[in-house]
Amino acid sequence: MNPEYEPQNIEEKWQERWDRLGIYQAHDLENKKKFYSLVMFPYPSGDLHMGHMRVYTISDVISRHRRMQGYNVLNPMGWDAFGLPAENAAMARGRHPQQWTQENIKYMRDEQLKKLGTSYDWRREVTTCEPDYYHWTQWLFLQFFKKGLATRKEAPVNWCPECQTVLANEQVEDGKCWRHGNIEVIQKKMSQWFLKITDYADRLLNDLDKLKGWPEHVKVMQRNWIGKSKGAELFFTVEGKPNVRINVFTTRQDTVFGVTYLVLAPEHPLVLDLTESRQKKAVQDYIESAKHKTELERMTAEKSKTGVPLGSLAINPFNGDEIPIWISDYVLAGYGTGAVMGVPAHDERDFVFAKLFDLPIKQVVSPDGKAATELKSAYLDAGILVNSGMFNGLDSEKAKEKIIDWAMSNNSGCARIQYKLRDWLISRQRYWGCPIPLIHCEKCGIVPVDEKDLPVILPIEGIEIKGQGGSPLANDTKWLNIKCPKCGQAAKRETDTMDTFIDSSWYFLRYADATNKKEAFALDKVNYWMPIDQYVGGVEHAILHLLYSRFFTKALKDMGLVDCDEPFTNLLSQGMVTMLSPQSGRIEKMSKSRGNVVGTTAFFEQYGADSARLFSLFAAPPEQELVWSEDSAIGQYRFLGRLWRFAHALQDQGVEVTAKTEFDENNVPASAASLLRLTHKTIKAVSEDLEKEHYVFNTAISSCMILLNGIYKFTGDKTEENNGGSHKSKSLSELEKQIVIFAYRNLLLLLAPMAPHITEQIWHDLGFARVEDESIHVHAWPKYDVKLTIDNEIELVLQINGKFVNKQIVQRGLRKAEAESIALTDSKMVSKIDNRPVQKIIVVIDRLVNVVI
RNA sequence: GCCUUUGUGUCGGAACUGGUAUACGAGCCGCACUUAAAAUGCGGUGCCCGUAAGGGAUUGAGGGUUCGAAUCCCUCCAAAGGCACCA
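What follows is the structure in structure tokens.
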């Protein structure tokens with residue numbers, strides 16, 4: 137055994153051995169408790185940095201721990217390989233996206249993930265851009281299509297000029313493209329494919345309550361995104377136009393008597409019909425200018441409102457009031473009915489609008505049932521209705537119900553629930569994605585590709601990617617032109633490809649049966665493994681990927697393709713890895729563009745993967761942000777060196793470790809009892825720290841360090857002549873040696889999931905493995921004896937008025953009276969009490985005595 | 001503006017169910033080993049006053065509950081993230 141810890145010499149050897157032995161393979165349908173551990177698969181960008189390494193380490197430790205606990209663990213890995221960066225790289229470097237992607241995958245798998253010491257079952261690797269995967273993406277799309285869950289409709293959509301494609305709502309942040317923070321998204325009216333996620337809005341919302349193992353903030357974000365509002369749709373008629381009706385959506389139908397105007401979105405279909413000729417020019421000018429405003433301008437213009445009256449009047453069905461109709465771009469065309477009732481007294485925005493255009497303000501809800509003379513600002517709270525005819529005196533809640541009742545019986549409205557969530561726009565005008573398996577036939581319309589003709593292969597040869605002017609697929613006439621499967625006449629393929637989020641909405645199901653050539657996945661296998669017991673990933677997918685995957689799972693359950701209706705039982709959303717950025721001088725998220733990336737290769741070469749793993753686990757709890765610093769990473773390298781040198785010292789002294797691992801626990805000499813106790817305590821602490829809902833790796837590692845320090849202290853020779861240089865052991869009795877070995881052996885087992893290489897090496901060097909091919913990683917997780925975690929002596933804390941004064945070492949289990957008398961006779965206590973009368977004594981058994989004076 | 005999360009030494013962070021605040025690591029200081037340095041082993045190290053013994057204040061700020069509060073309650077401040085003209 138090398139006296140120095142040199143990770144470079146051991147890590148690769150074990151990685152190859154584990155691979156050869158197949159110890160990380162998951163066994164389908166095995167009659168054993170399963171554990172499906174998953175980490176969000178990466179986009180093969182070509183380089184993983186420490187931020188990625190952190191999340192893979194966390195998930196890997198969880199998997200390894202469960203494996204040692206005896207679970208049948210599925211821990212797979214794959215590649216989210218379709219997407220724009222491949223096309224952009226292709227244009228920049230003149231490489232084909234496929235070639236570029238495959239090279240990146242090879243590098244990331246072999247040089248990065250494998251070298252981190254991960255325990256994936258690589259037989260299940262999936263790559264979303266390979267035909268054997270997207271075959272089934274297409275097949276699933278057809279199932280959605282058959283169920284009517286995939287529809288084509290014309291709608292205003294988000295267009296990113298940089299990406300040259302449309303985006304889903306979830307992929308627009310602050311009016312800008314999620315990939316291009318500086319590029320404004322343009323609204324375009326286009327005919328596009330949508331998946332009807334809104335059909336599942338209610339279930340996606342309600343089932344969040346079932347997800348006990350999800351962090352609250354992720355659930356809150358999903359709730360907000362779904363954005364359920366309960367209210368009413370009310371019908372307003374138009375003066376002089378008996379056939380026209382304006383519907384408005386409101387959550388405050390209790391304020392309907394306070395309506396003093398209506399506002400339509402400029403895009404509302406009735407606008408021109410309702411415009412009086414004298415207002416025609418003003419209205420047309422306004423619509424024109426609104427059209428030219430970008431989404432961003434409409435939002436930044438915020439509070440400053442604009443608008444134009446149409447000149448016509450609407451009639452409030454409740455009180456017959458005639459009220460002016462306006463248009464204004466503060467009303468969104470895409471939400472509700474695209475029209476709102478203006479109630480300035482009870483809505484901030486309406487209040488501002490009314491003040492600006494001098495419209496009347498009529499209070500109809502007040503806190504005490506009396507109307508105020510003049511409102512200085514909108515009164516937004518619930519209250520008692522006033523000025524509201526037959527509804528006067530009701531509270532807002534009650535009034536909301538009654539008003540809906542009245543509206544229904546008078547054909548003037550109905551109850552309505554409105555969601556913010558829109559259907560998922562999934563078509564993309566780009567090349568590097570999964571082709572949508574549909575055919576446009578002039579005679580038959582849209583015809584699905586026959587399932588037996590799947591997959592529709594994405595052509596690789598002869599494609600010219602320009603990034604402009606639509607999908608290059610449209611120029612590939614050989615691919616494009618096809619006979620209609622229905623009528624046999626000339627037809628054309630759909631040239632749009634699918635949003636890559638579709639690929640990632642079901643990859644976790646494919647892992648259950650990754651090589652199936654006949655179907656997406658076999659029922660029995662997918663139902664054996666699903667749902668995922670522990671999912672780990674970044675919070676940036678709180679809405680996007682996590683919502684889409686939930687939707688997919690529910691839809692597939694309804695189709696009978698999977699049993700569970702929630703895919704991820706427990707979710708760990710890990711914090712980002714940040715580092716000082718030399719450009720800005722601030723701590724920022726690690727990213728190439730900021731120039732603050734720490735690559736893995738150099739670090740692995742210098743300190744080894746085990747140190748990298750330990751540091752990313754130790755520096756902060758998993759949910760928290762982690763600031764990368766090589767200086768403190770060194771602490772982990774030192775710890776592992778210390779672990780290593782102790783093994784060497786043992787071996788050097790010819791300590792026989794294979795002989796006996798058992799000993800009589802009742803016969804332990806006092807000299808070693810505390811080390812034995814420390815060992816049991818450590819097993820307990822680390823076991824608890826690695827249990828789900830805890831996952832506090834930092835304290836688990838800290839406990840391991842304490843145990844190693846304890847071992848050093850116990851074995852260290854502190855006599856004068858031996859106080860220098862490296863660690864020297866004092867002479868120990870046979871029994872003491874056995875306890876040292878017991879402690880050290882358990883320490884290796886506890887560290888094995890976190891530092892897999894060094895523990896495996898020492899395990900073999902010291903002979904804990906009986907045969908060469910035995911691995912520490914399939915050894916049973918250590919057990920502890922609760923009896924042996926308890927000290928028989930404790931420190932009794934002595935307090936006066938709750939303040940610490942002194943402590944005494946006493947036997948465990950002292951009765952109240954005994955503890956009291958110790959406190960009252962302790963010399964420090966006596967001098968502090970100083971003969972003042974004792975009011976009260978509080979005793980917490982085996983912990984403290986508090987004397988109140 | 002609304003929602004969520006977080007505020008503990010020089011730094012990363014511990015602290016069970018309210019019970020010795022600052023575990024573990026980094027940094028710094030010292031000792032040993034060494035010709036020397038590095039590495040390693042051992043010890044010290046939150047702040048203020050004090051040579052010391054000892055004393056005092058302290059978990060973003062202020063108040064409250066309690067024998068006792070980092071922990072529970074209220075008000076405020078700060079930071080990070082999310083949502084935001086959604087009627």
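For what it's worth, my numbering labels the leading residue of the first sequence as 137, then goes sequentially. A virtual CB, placed ideally from N, CA and C, is assigned to each residue, including glycine. Owing to the predicted nature of the structure, the values given are computational and were not obtained by experimental measurement.
- Short of 7 Å from the beta carbon of residue 716, and not among the five residues preceding or following it, lie these beta carbons of its own chain, in chain order: 723, 732.
- Residue pairing by DSSP puts residue 365 in a beta bridge opposite 554.
- Of the candidates 945, 412, 708, the residue whose Cα lies closest to the Cα of residue 353 is 708.
- Pairing residue 896 with residue 912 gives a Cβ-Cβ distance under 7 Å.
- Fewer than three Cβ pairs drawn from the segment 572-588 and the segment 524-542 lie within less than 8 Å of each other, which leaves the two stretches out of contact.
- Distance from the Cα of residue 668 is smallest, within the candidate group 751, 642, 675, for 642.
- Excluding the 5 residues flanking it on each side, residue 538 has same chain C-beta neighbours closer than 8 Å at 527, 530, in chain order.
- Apart from the 5 residues on each side of it in sequence, residue 139 sits with its Cβ closer than 6 Å to the Cβ of 784 in its chain, given in chain order.
- For residue 807, same chain residues with a beta-carbon under 7 Å away, outside a window of 5 residues either side, are 872 in chain order.
- When the Cα atoms are used, residue 390 and residue 383 turn out to be separated by approximately 16 Å.
- When DSSP states are grouped into helix, strand and coil, residue 945 belongs to the strand group.
- Taking 7 Å as the cut-off, the beta carbon of residue 260 is found closer than this to the beta carbon of residue 647.
- Per the DSSP secondary-structure output, residue 458 pairs in a beta bridge with 451.
- The distance from the Cβ of residue 344 to that of residue 359 is about 6 Å, consistent with a contact at the 8 Å cut-off.
- Residue 883 and residue 891 have their alpha carbons spaced roughly 11 Å apart.
- By alpha-carbon distance to residue 690, the top candidate from 237, 702, 470, 228 is 702.
- Per DSSP, residue 234 is one residue of the alpha helix (DSSP H) stretching across 233-243.
- Three or more pairs of CB atoms, one per stretch, sit closer than 8 Å, so the segment 743-756 contacts the segment 765-778.
- Excluding residues up to 5 positions away in sequence, 557, 559, 560, 687 lie with their Cβ nearer than 7 Å to the Cβ of residue 333 in the same chain.
- In the three-state DSSP reduction, residue 926 falls in the coil class, being neither helix nor strand.
- When the Cα atoms are used, residue 571 and residue 324 turn out to be separated by approximately 23 Å.
- The Cβ-Cβ distance between residue 554 and residue 365 falls below 7 Å.
- Boundaries for residue 173: no alpha helix (DSSP H) harbours it, while the beta strand (DSSP E) harbouring it runs 170-175, taken from the DSSP string.
- With the rule of 3 Cβ pairs closer than 8 Å, the segment 750-763 counts as touching the segment 826-839.
- Counting along the chain, residue 506 sits inside no alpha helix (DSSP H), nor does DSSP assign it H or E at all.
- For the segment 692-727, the continuous beta strand (DSSP E) assignments of 3+ residues that do not extend past its boundaries occur at 707-710, 713-716, 723-725, in sequence order.
- Inclusion of residue 945 and residue 954 in the CB contact set at 7 Å is not warranted, their separation being larger than that value.
- In the same chain as residue 964, and ignoring 5 residues on each side of it, the C-beta atoms closer than 7 Å to its own belong to 941, 942, in chain order.
- With contact defined as three or more Cβ pairs closer than 8 Å, the segment 263-278 and the segment 647-665 are in contact.
- By DSSP's assignment, residue 383 forms a beta bridge with 371.
- A distance of 7 Å or more separates the beta carbons of residue 925 and residue 849.
- Three or more beta-carbon pairs separated by less than 8 Å link the segment 199-217 to the segment 161-181, which places the two stretches in contact.
- Apart from the 5 residues on each side of it in sequence, residue 503 sits with its Cβ closer than 6 Å to the Cβ of 519 in its chain, given in chain order.
- Annotation: the continuous beta strand (DSSP E) that includes residue 328 extends over 322-331.
- Setting aside the 5 residues that flank it on each side, residue 741 is surrounded in the same chain by 144, each with a C-beta closer than 8 Å to its C-beta; the list follows chain order.
- In the DSSP assignment, residue 774 falls within the alpha helix (DSSP H) that extends over 766-788.
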